[in-house]
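Shown next, in structure tokens, is the structure this report addresses.
Number of protein chains: 2
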Amino acid sequence: MKTEVVDQLIKIVGRDGVLTTPEDLAAYSFDGTFAEGTPGAVVLPRSTDQVSQVVRAAAEAHVPIIPRGMGTGLAAGSVSIPGGSLVLCLTRMARILEIDEANATAHVEAGVVTSDLQAAVEERGLFYPPDPSSNRHSTIGGNIACNAGGPRCLKYGVTGDYVLGLTVVLADGRILKTGGKAIKDVTGLDLNALFTGSEGTLGVITEALLRLIPRPRFTQTAMAEFESLEAASESVSAILGAGIVPATLELMDQTAIRCVEEAFHLGLATDLEALLILETDGSDEGAVMREIKAIAGICREHAARSVRLAVSAADQTSLWEARRAVAPSLARRAPNKLGEDITVPRSAIPEIVRQLRGISQRHGLPIVIFGHAGDGNLHPNILFDRRQPEQRATMERMVGEIFAASLALGGTLSGEHGVGLLKRPYLEQALGPVSMDIQRRIKHALDPENLLNPGKLFA
Amino acid sequence: MKTEVVDQLIKIVGRDGVLTTPEDLAAYSFDGTFAEGTPGAVVLPRSTDQVSQVVRAAAEAHVPIIPRGMGTGLAAGSVSIPGGSLVLCLTRMARILEIDEANATAHVEAGVVTSDLQAAVEERGLFYPPDPSSNRHSTIGGNIACNAGGPRCLKYGVTGDYVLGLTVVLADGRILKTGGKAIKDVTGLDLNALFTGSEGTLGVITEALLRLIPRPRFTQTAMAEFESLEAASESVSAILGAGIVPATLELMDQTAIRCVEEAFHLGLATDLEALLILETDGSDEGAVMREIKAIAGICREHAARSVRLAVSAADQTSLWEARRAVAPSLARRAPNKLGEDITVPRSAIPEIVRQLRGISQRHGLPIVIFGHAGDGNLHPNILFDRRQPEQRATMERMVGEIFAASLALGGTLSGEHGVGLLKRPYLEQALGPVSMDIQRRIKHALDPENLLNPGKLFA
Chain G
568 MKTEVVDQLI
578 KIVGRDGVLT
588 TPEDLAAYSF
598 DGTFAEGTPG
608 AVVLPRSTDQ
618 VSQVVRAAAE
628 AHVPIIPRGM
638 GTGLAAGSVS
648 IPGGSLVLCL
658 TRMARILEID
668 EANATAHVEA
678 GVVTSDLQAA
688 VEERGLFYPP
698 DPSSNRHSTI
708 GGNIACNAGG
718 PRCLKYGVTG
728 DYVLGLTVVL
738 ADGRILKTGG
748 KAIKDVTGLD
758 LNALFTGSEG
768 TLGVITEALL
778 RLIPRPRFTQ
788 TAMAEFESLE
798 AASESVSAIL
808 GAGIVPATLE
818 LMDQTAIRCV
828 EEAFHLGLAT
838 DLEALLILET
848 DGSDEGAVMR
858 EIKAIAGICR
868 EHAARSVRLA
878 VSAADQTSLW
888 EARRAVAPSL
898 ARRAPNKLGE
908 DITVPRSAIP
918 EIVRQLRGIS
928 QRHGLPIVIF
938 GHAGDGNLHP
948 NILFDRRQPE
958 QRATMERMVG
968 EIFAASLALG
978 GTLSGEHGVG
988 LLKRPYLEQA
998 LGPVSMDIQR
1008 RIKHALDPEN
1018 LLNPGKLFA
Chain V
568 MKTEVVDQLI
578 KIVGRDGVLT
588 TPEDLAAYSF
598 DGTFAEGTPG
608 AVVLPRSTDQ
618 VSQVVRAAAE
628 AHVPIIPRGM
638 GTGLAAGSVS
648 IPGGSLVLCL
658 TRMARILEID
668 EANATAHVEA
678 GVVTSDLQAA
688 VEERGLFYPP
698 DPSSNRHSTI
708 GGNIACNAGG
718 PRCLKYGVTG
728 DYVLGLTVVL
738 ADGRILKTGG
748 KAIKDVTGLD
758 LNALFTGSEG
768 TLGVITEALL
778 RLIPRPRFTQ
788 TAMAEFESLE
798 AASESVSAIL
808 GAGIVPATLE
818 LMDQTAIRCV
828 EEAFHLGLAT
838 DLEALLILET
848 DGSDEGAVMR
858 EIKAIAGICR
868 EHAARSVRLA
878 VSAADQTSLW
888 EARRAVAPSL
898 ARRAPNKLGE
908 DITVPRSAIP
918 EIVRQLRGIS
928 QRHGLPIVIF
938 GHAGDGNLHP
948 NILFDRRQPE
958 QRATMERMVG
968 EIFAASLALG
978 GTLSGEHGVG
988 LLKRPYLEQA
998 LGPVSMDIQR
1008 RIKHALDPEN
1018 LLNPGKLFA
């Protein structure tokens, strides 16, 4: 990074807000994937106004900007591209500015950690549902930029469903404010939705006004064991067809079950083809209990070998242990994993799982499958060793086949992680040329110099 | 319209699909408002491909296109502007192409009438919640173009919350397909949301893939009478604060109550300041009943004079009669009404109602207030006689004051009707110059010649 630019950044945010040593730059060179890219400098502003000045200075110097929160992303969306880009990190903007109980809204800075917001609103009987599994580290700004999901989406929707308003610094440094506390608003284009999920390519989100809901007071959990994946999948359809919308409906396939059992000895039966972990919640204790019992009944009717209901909070935690253990258990199986995030129409789950198994068998690397079955959002994780070039090449071929299989079944590349750098080569295949052209036109209209997160998503 | 253009349209859609006589043009010259504008011609295509050819032909001839469904809009969004525009009416594209029960989706053409879709999916135990009060006439395409709402939005969200995918004919005639049956999708920008609510300015929506939910099996209805509007409003806050989300939560103010009683003699007490009509629904009969009883208790604690619970389906219909009678009763009071659609943060409802009364008293024209209190979405209707120029001028001044009051309280111009022609003069005041610039840039990127619904929303 040129000295003049660094000096100007220091003028804007202070000396402690600009990082340029190789050690500091290394710390900001990766996200939750294995992608890496060293930035030219890192800047840590403390206000929307400082972000505006930083973006203006970078734009004048033609320095690309990589907006970033805690770097927990799973698509390399916040990893620097070669050529001296400026990482604009929002973690010092971490204030909860207001929780408005009467209107059930929260106004936060982009760097607030998701679980900090959740804890703060839950103290007041309110609830912020989006729960990406990184929520103890990830920031609200990053969640919005990627339209993050999580297990609760089936019932409660994704991050974008809770965005009422945004403060965004545009490519030329201007500050855009969208939306407001009014729950319904059709005054003009839906700019909240345009910036949500735009992965930092259209503007830098600095503040958000979020919709909250009443905190569900009762929760019930069940775990159902299946000898056949089809039976598990049919149970999912039957539950939803019965008009029950569980708060979560998580699936683990046989490979996932075996990885967890090998690593943690939780007593899971390793001959099972699938586990479902289900939760019902709500404000009516009787209804929540009746729903979980109805779910248990439906699973049994669909050939579940057994269904366990949690009768205490400790039981609930223990049922969730298996699901939570999946990610850590994979690290014991192989040095690296690539976690994909395809989403298929719900009815295509058995078929996509069959095809994923086929891909694994043909190429000889394990694919662990788990995810949000109610949404059709699965995380096939390829286990491999990236020090072995042939395994890496195999993994990349497998990724291509996984995406092709998902798209052929009417699915998508990503349900909640985003496109970033990693899925960019597949984007046109997923969207088609007309959509790509429209997206690029919008990008060009908002960022004609392509300074905001270049190399991601579109270009 | 030039003969060459008309001839070309006839080649595309057939002679019976192009209307040019003064009588036919008159029938397509208005919507649900009192605005009028005679088009140069009307074209009624039968397929996305025909729409594409029509748009291409119009673009070549530089003829502006006004997309339109059944013309039930309440913002003059589908009314022609002077200068020989082409009304592109989608009512002949009225096929329900698929109802996919396994994935709970419906694929429809834009001209399907909303209540026809609702009836078709309800037969299969599914539910399409958005319910604009025009749903027996309005089309899905128009609902999406305006992001229509209705009484059920508080619990179920607006039209946009049910749009999974769209087929859109762009300004140059290309066909864009967005989204798909996968419920979660973060692959690229959210183009579904961009076109939803864009009022025909960015493209012509020809088909939609809609998300359905299980049909709620049980409904309970209550009506609460209040001597003070504040008490009604506090009841609303207390109900939501207790974690209850009613399916509908409708408010009628004193003027609305009196209009209805004068016109239909339903036995409403005309000294009341407010009526609330509330509905709970769901798949658990006990929970639905407990919720309505809890609501009744909360209303009584907040000084409701009386609360009536419907004990039969006939009772339910009778409680709703008062609310349904509002619109027809206004026609008996005055020859014309202008129905606005402001939305304020929920906590500002008492203050906005006070201010609306002040505006009415200062200017001497009645304002009837009713609407969706849980959302803060109110429909202040100004009653006037447009044949009297001074009343019309007064009405226009009142509209300006109503919008100013809403914006000052953190509200918006429109919760569910849209901007169209009528609210266009107030748009910049609501959104500010930066948002206006961004919206215009997007418009220009997608429709550089400003051929799609010119004069509406932005320009």
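Chains G and V supply the protein sequences, listed in that same order.
First residue of the first sequence? That's 568 in our numbering, and the numbers climb one at a time after it.
First residue of the second sequence? That's 568 in our numbering, and the numbers climb one at a time after it.
All C-beta atoms in this analysis are idealised placements derived from N, C-alpha and C, irrespective of residue type, glycine included.
All values reported here derive from a predicted model rather than from experimental measurement.
Assign residue i to one of three DSSP states: helix, strand, or coil.
{"i": "Thr734 (chain V)", "result": "strand"}
{"i": "Asn714 (chain G)", "result": "coil"}
{"i": "Pro895 (chain V)", "result": "helix"}
{"i": "Gln990 (chain G)", "result": "For the sequence presented, residue 990 (chain G) should be read as Lys rather than Gln. Lys990 (chain G) falls in the coil class under three-state DSSP."}
{"i": "Ile865 (chain V)", "result": "helix"}
{"i": "Thr837 (chain G)", "result": "coil"}
{"i": "Gly938 (chain V)", "result": "strand"}
{"i": "Lys904 (chain V)", "result": "strand"}
{"i": "Glu690 (chain V)", "result": "coil"}
{"i": "Ile633 (chain V)", "result": "strand"}
{"i": "Asp848 (chain G)", "result": "strand"}
{"i": "Val618 (chain V)", "result": "helix"}
{"i": "Phe762 (chain V)", "result": "helix"}
{"i": "Ala1025 (chain V)", "result": "A quick correction: the sequence has Phe, not Ala, at residue 1025 (chain V). If DSSP states are grouped into helix, strand and coil, Phe1025 (chain V) belongs with coil."}
{"i": "Gln787 (chain V)", "result": "strand"}
{"i": "Asp1014 (chain V)", "result": "coil"}
Taking 8 Å as the threshold (beta carbon to beta carbon), is residue i in contact with chain G?
{"i": "Ile1068 (chain V)", "result": "The structure shown does not extend to residue 1068 (chain V), since chain V is modelled only from 568 to 1026, so the question has no answer here."}
{"i": "Cys866 (chain V)", "result": "no"}
{"i": "Val878 (chain V)", "result": "no"}
{"i": "His938 (chain V)", "result": "Here residue 938 (chain V) turns out to be Gly, not His, going by the sequence shown. Cβ-Cβ to chain G under 8 Å: no for Gly938 (chain V)."}
{"i": "Arg741 (chain V)", "result": "yes"}
{"i": "Ile577 (chain V)", "result": "no"}
{"i": "Glu801 (chain V)", "result": "no"}
{"i": "Pro992 (chain V)", "result": "no"}
{"i": "Thr773 (chain V)", "result": "no"}
{"i": "Pro589 (chain V)", "result": "no"}
{"i": "Lys748 (chain V)", "result": "yes"}
Whole-angstrom Cβ separation of residue i and residue j, contact assumed at under 8 Å?
{"i": "Val621 (chain V)", "j": "Pro612 (chain V)", "result": "6 Å"}
{"i": "Ile862 (chain G)", "j": "Pro813 (chain G)", "result": "7 Å"}
{"i": "Thr910 (chain V)", "j": "Gly978 (chain V)", "result": "6 Å"}
{"i": "Glu1067 (chain G)", "j": "Asn944 (chain G)", "result": "Residue 1067 (chain G) is absent from the structure shown; chain G starts at 568 and stops at 1026."}
{"i": "Leu816 (chain V)", "j": "Val675 (chain V)", "result": "About 29 Å; that fails the 8 Å criterion."}
{"i": "Gly636 (chain G)", "j": "Gly678 (chain G)", "result": "6 Å"}
Relative to the C-alpha of residue i, which residue among the options is closest?
{"i": "Gly650 (chain G)", "options": "G:Ile916, G:Thr600 and G:Ile632", "result": "G:Ile632"}
{"i": "Leu737 (chain V)", "options": "V:Ile750, V:Phe762 and V:Tyr729", "result": "V:Phe762"}
{"i": "Gly708 (chain G)", "options": "G:Val680, G:Asp942, G:Ala880 and G:Gly717", "result": "G:Val680"}
{"i": "Asp882 (chain V)", "options": "V:Arg1008, V:Gly770 and V:Ala789", "result": "V:Ala789"}
{"i": "Met962 (chain V)", "options": "V:Ala626, V:Leu839 and V:Glu907", "result": "V:Glu907"}
{"i": "Thr786 (chain V)", "options": "V:Tyr723, V:Ser850, V:Gly808 and V:Ile742", "result": "V:Ser850"}
{"i": "Arg964 (chain V)", "options": "V:Glu840, V:Gly931 and V:Arg741", "result": "V:Gly931"}
{"i": "Ser701 (chain V)", "options": "V:Leu693, V:Asp683 and V:Ala687", "result": "V:Asp683"}
{"i": "Tyr595 (chain V)", "options": "V:Gln617, V:Gln996 and V:Pro606", "result": "V:Pro606"}
{"i": "Thr615 (chain V)", "options": "V:Arg741, V:Ala715, V:Thr726 and V:Val688", "result": "V:Arg741"}
{"i": "Ala799 (chain V)", "options": "V:Thr768, V:Val609, V:Cys866 and V:Thr837", "result": "V:Cys866"}
{"i": "Ala642 (chain G)", "options": "G:Ala593, G:Ile666 and G:Glu603", "result": "G:Glu603"}
{"i": "Asp698 (chain V)", "options": "V:Gln685, V:Glu689 and V:Gln575", "result": "V:Gln685"}
{"i": "Gly640 (chain G)", "options": "G:Val935, G:Thr706, G:Glu1016 and G:Ser973", "result": "G:Thr706"}
For residue i, would you say it is in contact with chain V, using Cβ-to-Cβ distances shorter than 8 Å as the test?
{"i": "Val911 (chain G)", "result": "yes"}
{"i": "Asn903 (chain G)", "result": "no"}
{"i": "Asp952 (chain G)", "result": "no"}
{"i": "Arg1008 (chain G)", "result": "yes"}
Contact between the region 951-963 of chain V and the region 850-859 of chain V (3+ Cβ pairs under 8 Å)
No contact exists between the region 951-963 of chain V and the region 850-859 of chain V.
Assess contact between the region 737-756 of chain G and the region 966-978 of chain G, defined as three or more Cβ pairs (one per stretch) separated by less than 8 Å. Is contact present?
no
Spell out a yes or no on whether the region 883-899 of chain G and the region 838-850 of chain G are touching, meaning 3 or more CB-CB pairs, one atom from each, closer than 8 Å.
yes
Are there three or more Cβ pairs, one per stretch, closer than 8 Å when the region 821-841 of chain V is compared with the region 763-777 of chain V?
no
Are there three or more Cβ pairs, one per stretch, closer than 8 Å when the region 648-667 of chain G is compared with the region 728-735 of chain G?
no
So, do the region 985-992 of chain G and the region 633-648 of chain G have three or more beta carbon pairs nearer to each other than 8 Å?
A contact exists between the region 985-992 of chain G and the region 633-648 of chain G.
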